[in-house]
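In terms of my numbering, the sequence shown opens at residue 119 and continues consecutively.
First the structure, in the form of structure tokens, and then the observations on it.
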Amino acid sequence: MDIVFMGTPEFAIPALESLYEGGHNIVLVITQKDRPRGRGKKMHPTPVKERALNLGLEVYQPGSVNSRESMDILRKLSPDCIVVAAYGQILKEEILRLPRYGCINIHASLLPRHRGAAPINWALIDGDDVTGITIMEMDTGLDTGDIISSYKIPIEDTDDSQTLHDKLAKIGGQLIVNTLYDLKRGTITKVRQDDSLSTYAARLSKDMGKLDWDSAGDDIINMIRGLKPWPTAYTIYKGLNIRIHKANKTEKFSNEANGMVVKVSDDGIYVNCRDSCIVIEELQFPGKRKMRVSEYLRGNQFDSHVMLG
């Protein structure tokens, strides 16, 4: 097929590569504008732009993909299909109607669960046992279009949002190629989503990671896993925001208050919560790199019997 590919972050790269390697003619790659990053605020290309240029593909970065200029470019290209993977802009109906085989979105959840911007994170935060990739025919709603294909995987106890992201990105790349093949052959049966089963995966914010030590242990662990690597769960120790990158839980062995540090050892920092004891294994102090607790304790002290905020 002649394909226009729309994507921006790392998640979209396996799909772009799979389409390229699968012999499709990618006539244009559309991605968000370059943005400043890091302490120096230097302009950096999006991950998709960088990979597309390495593949020798033409890249277009409109402020709005729904602009008149963008529409004129898309009409002139007249693609068979527009493939979208975490692009970051909503497409108007005029674009959705343009390709012969429609606009196809690679979404990182089992729709209709976790519609929205952060499905991988919320699958972990909500304690789901499974997740997956859905290839969806786009409509004017937010991830509400008919399901074309899907692939389910279990969420492992060791998964965080980064490991799950990498698994799903790879699956998305494999599934989109198979789906386009079946779509062209006419062997696809689309399935309408059941809106009554939908949930919304809201965009993450920098301040949402503060841990509530009155919560259940599973909920705290899920929050830590779901917010890694960004914005990262945190707690307050002696007025400092301490980021928590990894933790597990164990049975309570102390009747002290929730949020109390009840033990500090190379195994971790033990903190009481509602129904168990959280063992912080990897943390990060402000301005410092992340490190395992055992490494931190070699040259630093972390006091026990202190309340965490």
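We put the CB at the ideal spot given by N, CA and C, even for glycine.
Coil, strand or helix - H423 by DSSP: coil
G405 versus I362 - alpha carbon distance: 14 Å
Buried versus exposed, by CB contacts within 10 Å (16 or more), D278: buried
Close beta carbons around T368, own chain, < 7 Å, minus the five adjacent residues each side: S394, C395, V397
Simplified DSSP assignment, three categories, for Q280: helix
From K167, I144, C221, residue whose alpha carbon lies closest to that of K151: K167
Buried/exposed call for Y299, threshold 16 Cβ in 10 Å: exposed
Where A320 falls, given that 16 or more other Cβ within 10 Å makes a residue buried: exposed
3 or more residues per run - each beta strand (DSSP E) lying fully within the segment 145-230: 153-155, 160-162, 199-203, 221-225
Where the alpha helix (DSSP H) through D337 begins and ends: 335-344
Of the listed residues L282, K302, D385, nearest to R410 (C-alpha basis): D385
Candidates H423, M119, I121, F129: closest to A287 by CA position: F129
Inter-residue Cα distance where the pair is I306 and C221: 15 Å
Other residues of its chain near Q280: CB distance less than 8 Å, five sequence neighbours each side excluded: K346, P347
Distance between N340 and T258 (C-alpha atoms, nearest Å): 32 Å
Backbone secondary structure at N359 - three-state DSSP: strand
Which listed residue (L426, Y318, K270, K302) has its alpha carbon closest to that of V379: L426
Under 8 Å between C-beta atoms of V202 and L137: no
Status (buried if at least 16 other CB within 10 Å, exposed otherwise) for T126: buried
Own chain partners of V309 with C-beta closer than 7 Å, once the 5 adjacent residues on each side are dropped: D264, I265
Element boundaries [beta strand (DSSP E), containing H122]: Note on residue identity: the sequence assigns Val, not His, to residue 122. That run of the beta strand (DSSP E) goes 120-125.
N- and C-terminal bounds of the alpha helix (DSSP H) containing N239: 237-243
Residue range of the alpha helix (DSSP H) that includes S412: 411-417
Beta-carbon contacts of L423 that lie in its chain and below 8 Å, excluding the five residues immediately before and after: The identity of residue 423 in the sequence shown is His, whereas the question assumes Leu. The answer, listed in chain order, is E374, M378, V379, V380.
Reference G214; option with closest CA among P197, P163, H225, S227: It should be pointed out that residue 214 corresponds to Leu in this sequence rather than to Gly. Of P197, P163, H225, S227, the residue nearest in Cα terms is P197.
Top-ranked residue by Cα proximity to K328, from V295, R218, I354, E399: I354
Given R303 as reference, the closest of Y219, D275, K370 once Cα atoms are compared: Y219
Helix, strand or coil at A130 [DSSP, three-state]: helix
Neighbourhood of I338 by C-beta distance below 7 Å, restricted to the same chain and skipping five residues each side: L329, C391, I396
Residue span of the beta strand (DSSP E) that contains Q402, given as start and end: 395-402
Residue interval of the beta strand (DSSP E) (run including P272): 265-272
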